[in-house]
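A.B. asks: Got a structure for you, questions after.
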Amino acid sequence: FFSLRRTKALAMAAVALAEADITPALTARAEPLNVVVHPIVLLNAVDHYNRVARDTKRRVVGILLGEISRGVYDVTSSFAVPFEEDEKDPSIWFLDHNFLEQMHAMFKKVSAREKIIGWYSTGPRIRPGDIDIDKLVRRYTPTPAYVIIDVKPVSMKIPTTAYYAVEESKGDVGPPSWTFKHITSEIGALESEEVGVEHLLRDVKDTTISTLSNEVTAKLSAIRGLQERLGEIGGGFKQGIGGELA
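Laid out in structure tokens, this is it:
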């Protein structure tokens, strides 16, 4: 008797949840808000570029692994993927998705928590075929983050630019089309990663230069970076005053 009552109660609860339309909310595409790139991902991308495309106009492409929480994409690892594109027609490209799936299966055995959450390229800017590449990556994750990593930075800006693809409606003009929307990105690290980066920087510093010169160079670089950031903030204020910002 109690088992029958419990079954009826569960059935009524299921009907109530269905009427409340909760299921679609659980399966909806989450909108990315921010991308946190860890140092190992930057090192992997630079190594990938130096091995495959150094001193050329080519770019390299890879897959981003990590976790997603409340719109924040925490990119903790990555791996390179064989990629080729026509230099004359960038819309013609090839990405080895079989290799992608094999590598993902191997990474899954090592860390089940790290899932495919996006992809990267060394850009240095968005190209015509990127929407189609993003469409391929959407087979493995609903809303992949696309991060362009600058392997040849010329300023003190963060060497990452993040996007995600959105479908835009053109109304009666034509069918909807996909385009990239910019989102914020930052460099984040665990304590163990910070220690590793500090040791790496000690190894790459020029020991022939005095400590004072190193400190002055570091201060100048920090000041240039601060100046660029203040310039961006000032530009934002001017646009806001002029009513240019939406």
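Quick note: to get the numbering used here, add 32 to the position in the sequence shown (first position is 1).
Glycine included, each C-beta is placed from N, C-alpha and C at the ideal position.
#1: Just to confirm, are Trp210 and Tyr178 a CB contact at a threshold of 9 Å?
#2: Checking the sheet assignment: what are the DSSP bridge partners for Gly98?
#3: Less than 9 Å between the C-beta atoms of Val229 and Val78, yes or no?
#4: Quick check on the DSSP output: the beta strand (DSSP E) that includes Leu127 runs from which residue to which?
#5: Excluding the five sequence neighbours on either side, which residues of its own chain have a C-beta within less than 6 Å of the C-beta of Arg261, listed in chain order?
#6: What does the Cβ neighbour count give for Asp166, buried or exposed, with the cut at 16 atoms within 10 Å?
#7: Please report the straight-line C-alpha distance between Thr108 and Ile163, rounded to a whole angstrom.
#8: Measure the alpha-carbon distance for Ile265 versus Glu133 and round it to whole angstroms.
#9: Quickly, what does DSSP pair Val67 with across the bridge? List them, please.
#10: Here's the rule: buried if 16 or more other CB atoms are within 10 angstroms of the residue's CB, otherwise exposed. What is Ile273?
#11: Cutting at 6 Å between CB atoms, please list the residues of its own chain near Glu218, excluding the five before and the five after it.
#12: Which stretch, first to last residue, makes up the alpha helix (DSSP H) that contains Ile163?
#13: Assuming Val179 is part of the beta strand (DSSP E), what are its boundary residues?
#14: To which residues does DSSP link Ala112 through a beta bridge?
#15: Measuring CB to CB, does Asp106 end up less than 9 Å from Gly98?
#16: The beta strand (DSSP E) with Tyr195 in it runs from where to where?
#17: Could you give the distance in angstroms between the alpha-carbon of Pro207 and the alpha-carbon of Ser201?
#18: For the putative contact between Phe115 and Val93, defined by C-beta atoms under 8 Å, what is the C-beta separation to the nearest angstrom?
#19: Which one of Ile100, Ile158 and Asn130 has the shortest CA to CA distance from Arg91?
#20: State the Cα-Cα distance for the pair Arg83 and His70, rounded to the nearest angstrom.
C.D. replies: Looking at the coordinates:
#1: no
#2: According to DSSP, which records beta bridges pairwise, Gly98 is partnered with Val107 and Lys147.
#3: Not closer than 9 Å, so no.
#4: Note, Leu127: beta strand (DSSP E), Trp125 to Leu127.
#5: Nothing meets the Cβ criterion.
#6: buried
#7: 24 Å
#8: Roughly 42 Å separates the two Cα atoms.
#9: Tyr105 and Ser217
#10: exposed
#11: Result list for Glu218: Val68, in chain order.
#12: Asp162 to Val169
#13: Ala177 to Ile181
#14: Gly94
#15: yes
#16: Looking at the DSSP string, the run of the beta strand (DSSP E) that includes Tyr195 is Thr192 to Glu200.
#17: 7 Å
#18: 4 Å
#19: Ile158
#20: 21 Å
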